[in-house]
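Colleague: This structure is in structure tokens; I'll ask about it shortly.
Chains as they are written, first to last, in this note's numbering: chain V, 999 to 1378; chain A, 999 to 1378.
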């Protein structure tokens, strides 16, 4: 199988698998136990935290480990809003988010009750004196489009300097490991990441919480993670996450070269193809292509039968009959959205793999279009 | 290091470690992806679910995988109560729980707002026509005491038959793998379990949700786990959990023999020792001993220095200066609670290990008491 769906998940890096296997066998203590077995686990946990923190230019005590990107987004949004419970806040426009967010952000905003979904490029216009939280994805999972988080953060800091209590959360699940993530340079208050998107383990994520940002827990119990996330710490998972970010540095360049080669070849060889989000800054590894006149689902299946994994969009809404809410928000029609396929490249893809992919896409797209025009002839 | 703190966590079984390592390296797909890589992951996930379900005598679609016991308890309690949002329920006594529960149950009940904490042995007296949820631990983590869940379930079914909408949740985190857990025979509606307490991986748990029991999600996002738990599925974790329950069957008997031997020896060799919870049915692996006149913390440290891991109680409240809420609820004084040490045995402990432990406890307890009486002489 050739895998070109790295925005859905990534294979675990061999170095990560080895580190986790050693940890699973040897570091089994409960990090909250006071005896030596527990303290050894605690030491590993804190080392992992320091490594993950450093990769994002955060301080270790600004990192809360979670069970993944979805939990990180839940903790950021619900945790921030719940920390304000009891204070007088206008309910109108309390949270402002964009139309291209991941379902975990959109659903959390829905839970909060009072939120507004703005077009990503005009989000600033929707922020008012009542806004407490702005949540904007750093890089989009479907198209790879990158938002100018630093500029947004600058404006939010201005409001804060003028006395408004307002915070910025960014879902960085797709950005981490693909572009430089420096939470201080970005100026965010909360930033979500996930290990399995950076060749690390599943079931492991983190939330950056800038010092001084109020946050209530959303999972209740023991006082783990400095009272911000109850539950016995998944120490081997954190060790895997740390190892993953340590080996992540070379990924960006390599996947970018493959993506550029792939896109140029497809645009050269297949007629009526457009790049979704081409006019925006994009992740270097992601190519979301609109194949006019082709059902994306059919192309995905045809490629799968040739042993190549690509997708119509987010895995977590796969099986849905609805077209991508992200592409609709970017101005595509329902028909266009349903003709769009996402290719996302990663560290272990080779030039040879991508050459095979190009050949397969050219051949499948041609066949699907010929089939369709034959159908049209039969009907007419 | 000799490890006698299996109620805090367990070493990962070698069979589990091997299964997880293979899964981490080979089964990396996102179980929600439609392509083959995703579908292979999905198949493994559903096989793991079937194995875990079978071990508890549940149906696979009654099992929701979570990130651990704490999340399972959160999902059970908050999920059930939130599923009733909008219906008219008296707020008084909405949830009834016991004084010996794990912090994750007590904290969730506190979140619900209207709850009552009853003595475990008299919980039935606190259940009223307003009660929607009763949450009672199957086996206690500190003393190992076992509650008569089946009898409670029978009474709750009677109320339900009479028209009351009332459900029973049981925290089975400590029971699983130590005594037989058959959710149908118990008659529970919701039952929480955790993998790392049964020689499985950390960061992995499950909630049994009986068919027809209403449950809202508590983590929002994609529609994973049939809409009951958002977040990319931790497939290698579920594989590890499944392997853990497959190898769990022999644990009970072995740990029970060691515990009985240990307790008999300590009671024979050390004066002024009492077994906490001796009059109640107990987990076979757990021994919670009150050493009169000895600070539990000092005994734990002395044993740790000899390479033996035991604990003063729950790991998740370690470091706390407060005495165990469980022992206080069972009628022990603060002083008695602070003189109590938990020994919990497990599969890889040998008779030789326990002989060493007995010797160390006898010697440390003697030394600590002599130190104390010397102090008393010096003061007088």
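Yeah, the Cβ is synthetic: ideal placement off N, Cα and C, and Gly gets one too.
What residue from V:1031, V:1013, V:1015 and V:1038 has the CA that sits closest to residue 1411 (chain V)'s CA?
Modeller: With chain V represented from 999 up to 1378, any question about residue 1411 (chain V) goes unanswered, as that position is not in the structure.
Colleague: Return yes when the Cβ of residue 1179 (chain V) is within less than 9 Å of the Cβ of residue 1129 (chain V), no when it is not.
Modeller: One-based indexing of the first chain puts residue 1129 (chain V) at position 131. One-based indexing of the first chain puts residue 1179 (chain V) at position 181. Taking 9 Å as the Cβ cut-off, residue 1129 (chain V) and residue 1179 (chain V) do not qualify as a contacting pair.
Colleague: Would you kindly work out how many angstroms separate the C-alpha atoms of residue 1177 (chain V) and residue 1341 (chain A), rounded to a whole number?
Modeller: For this step, residue 1177 (chain V) is matched to residue 179 along the first chain. For this step, residue 1341 (chain A) is matched to residue 343 along the second chain. For residue 1177 (chain V) and residue 1341 (chain A), the distance between alpha carbons rounds to 49 Å.
Colleague: So if I threshold CB-CB distances at 8 Å, which residues from the region 1221-1233 of chain V count as touching chain A?
Modeller: 1221, 1222, 1228, 1229, 1230, 1231, 1232 and 1233
Colleague: Short check: CB of residue 1286 (chain V) to CB of residue 1068 (chain V), under 9 Å?
Modeller: Mapped onto the first chain, residue 1286 (chain V) falls at position 288. Mapped onto the first chain, residue 1068 (chain V) falls at position 70. Going by C-beta atoms, residue 1286 (chain V) is not nearer than 9 Å to residue 1068 (chain V).
Colleague: Closer than 6 Å by C-beta to residue 1099 (chain V): which residues in its own chain qualify, once you throw out the five before and the five after it? Chain order, please.
Modeller: As a position in the first chain, residue 1099 (chain V) is number 101, starting the count at 1. Same-chain partners within the cutoff: 1135.
Colleague: Compile a chain-ordered list of the residues in the region 1342-1374 of chain V whose CB is closer than 8 Å to at least one CB of chain A.
Modeller: none
Colleague: Run through chain A and tell me which residues come within less than 7 Å of residue 1009 (chain V), C-beta to C-beta.
Modeller: Taking the first residue of the first chain as position 1, residue 1009 (chain V) is located at position 11. 1026, listed in chain order.
Colleague: Do you know whose CA, among V:1020, V:1022 and V:1102, lies nearest residue 1227 (chain A)'s CA?
Modeller: Taking the first residue of the second chain as position 1, residue 1227 (chain A) is located at position 229. Nearest of V:1020, V:1022 and V:1102 to residue 1227 (chain A), Cα basis: V:1102.
Colleague: With 16 other CB atoms within 10 Å as the buried threshold, where does residue 1231 (chain V) fall?
Modeller: As a first step, residue 1231 (chain V) must be located in the first chain, where it is residue number 233. Per the 10 Å Cβ criterion, buried.
Colleague: Taking a contact to mean a Cβ-Cβ separation below 9 Å, would you say residue 1239 (chain A) touches residue 1269 (chain A) in this structure?
Modeller: The residue labelled residue 1239 (chain A) in the question sits at position 241 within the second chain. The residue labelled residue 1269 (chain A) in the question sits at position 271 within the second chain. Result no, Cβ atoms of residue 1239 (chain A) and residue 1269 (chain A) do not sit closer than 9 Å.
Colleague: Since residue 1047 (chain V) contacts residue 1236 (chain V) with CB under 8 Å, what's their CB separation in whole angstroms?
Modeller: As a first step, residue 1047 (chain V) is located in the first chain; it is residue number 49 there, counting from the start. As a first step, residue 1236 (chain V) is located in the first chain; it is residue number 238 there, counting from the start. With a Cβ gap of about 7 Å, residue 1047 (chain V) and residue 1236 (chain V) count as contacting.
Colleague: Quick test of your reading: residue 1379 (chain V) and residue 1298 (chain V), contact by CB under 8 Å. State the CB separation rounded to the nearest angstrom.
Modeller: Not covered by the structure: residue 1379 (chain V). The range shown for chain V is 999 to 1378.
Colleague: Report all residues from its chain with a CB closer than 6 Å to the CB of residue 1189 (chain A); omit the five preceding and five following residues, and keep chain order.
Modeller: Walking along the second chain from the start, residue 1189 (chain A) turns up at place 191. So the qualifying residues of the chain are 1168, 1170, 1181 and 1206.
Colleague: Tell me, which residues are paired with residue 1064 (chain A) by DSSP?
Modeller: Start at 1 with the first residue of the second chain, and residue 1064 (chain A) comes out as number 66. Residue 1064 (chain A) pairs with A:1203.
Colleague: On the DSSP bridge assignment, give the partners of residue 1003 (chain V) in chain order.
Modeller: Start at 1 with the first residue of the first chain, and residue 1003 (chain V) comes out as number 5. Per DSSP, V:1342.
Colleague: What are the boundary residues of the beta strand (DSSP E) that residue 1115 (chain V) is part of?
Modeller: Within the first chain, the letter at position 117 stands for residue 1115 (chain V). It spans 1113-1116 - the beta strand (DSSP E) in which residue 1115 (chain V) sits, taken as one unbroken run.
Colleague: For the region 1233-1273 of chain A, list the beta strand (DSSP E) runs that are entirely contained and at least 3 residues long, ordered along the chain.
Modeller: With a minimum length of 3 residues, the continuous beta strand (DSSP E) runs that stay inside the region 1233-1273 of chain A are 1271-1273.
Colleague: Could you give the first and the last residue of the continuous alpha helix (DSSP H) run that contains residue 1014 (chain V)?
Modeller: Within the first chain, residue 1014 (chain V) is the residue found at index 16, counting from 1. Its alpha helix (DSSP H) spans residues 1012-1024.
Colleague: On the DSSP letters alone, give me the boundaries of the beta strand (DSSP E) that residue 1167 (chain V) sits inside.
Modeller: Counted from its first residue, the first chain places residue 1167 (chain V) at position 169. Looking at the DSSP string, the run of the beta strand (DSSP E) that includes residue 1167 (chain V) is 1165-1169.
Colleague: Return the first residue and the last residue of the alpha helix (DSSP H) that residue 1045 (chain A) is part of.
Modeller: Numbered from 1 along the second chain, position 47 holds the residue referred to as residue 1045 (chain A). Residues 1034-1053.
Colleague: Cα separation between residue 1086 (chain A) and residue 1030 (chain A)?
Modeller: Here residue 1086 (chain A) refers to the residue found at position 88 of the second chain. Here residue 1030 (chain A) refers to the residue found at position 32 of the second chain. Confidence in residue 1086 (chain A) is poor, its pLDDT being 44 and thus under 50, which makes the residue's placement unreliable; the coordinate value appears in the next sentence. Rounded to whole angstroms, residue 1086 (chain A) to residue 1030 (chain A) spans 37 Å at the Cα level.
Colleague: Label residue 1183 (chain A) either buried or exposed according to how many other C-beta atoms from any shown protein chain fall within 10 Å of its C-beta, with 16 as the threshold for buried.
Modeller: For the purposes of this step, residue 1183 (chain A) is taken as the residue at position 185 of the second chain. It counts as exposed.
Colleague: With distances taken between CB atoms, is the gap from residue 1196 (chain V) to residue 1219 (chain V) smaller than 9 Å?
Modeller: Counting from one through the first chain, the residue named residue 1196 (chain V) turns up at place 198. Counting from one through the first chain, the residue named residue 1219 (chain V) turns up at place 221. Contact: no.
Colleague: Closest by CA to residue 1246 (chain V), which one among V:1000, V:1010 and V:1006?
Modeller: Along the first chain, read from residue 1 onward, the residue named residue 1246 (chain V) stands at position 248. The shortest Cα separation from residue 1246 (chain V) among V:1000, V:1010 and V:1006 belongs to V:1010.
Colleague: Can you tell me the Cα-Cα spacing of residue 1356 (chain A) and residue 1301 (chain A), whole angstroms?
Modeller: Here residue 1356 (chain A) refers to the residue found at position 358 of the second chain. Here residue 1301 (chain A) refers to the residue found at position 303 of the second chain. Rounded to whole angstroms, residue 1356 (chain A) to residue 1301 (chain A) spans 11 Å at the Cα level.
Colleague: Among A:1305, A:1329, A:1353 and A:1332, which one has its Cα closest to the Cα of residue 1036 (chain V)?
Modeller: Numbered from its first residue, the first chain carries residue 1036 (chain V) at position 38. The residue with the shortest Cα to Cα distance from residue 1036 (chain V) is A:1305.
Colleague: Measure the C-alpha to C-alpha separation of residue 1088 (chain V) and residue 1221 (chain A) and round it to an integer number of angstroms.
Modeller: For this step, residue 1088 (chain V) is matched to residue 90 along the first chain. For this step, residue 1221 (chain A) is matched to residue 223 along the second chain. Confidence at residue 1088 (chain V) is low in this model, with a pLDDT of 47, below 50, so its placement is unreliable and no value can be given for it.
Colleague: Taking the CB atoms as reference points, tell me whether residue 1251 (chain A) and residue 1074 (chain A) lie closer together than 9 Å.
Modeller: Reading the second chain from its first residue, position 253 is the one you call residue 1251 (chain A). Reading the second chain from its first residue, position 76 is the one you call residue 1074 (chain A). No; because the gap between Cβ atoms is not below 9 Å, this pair is not in contact.
Colleague: Thinking just about the alpha-carbon of each residue, which of A:1363, A:1165 and A:1264 is nearest to the one in residue 1077 (chain A)?
Modeller: Position 79 of the second chain, counted from the first residue, corresponds to residue 1077 (chain A). The shortest Cα separation from residue 1077 (chain A) among A:1363, A:1165 and A:1264 belongs to A:1165.
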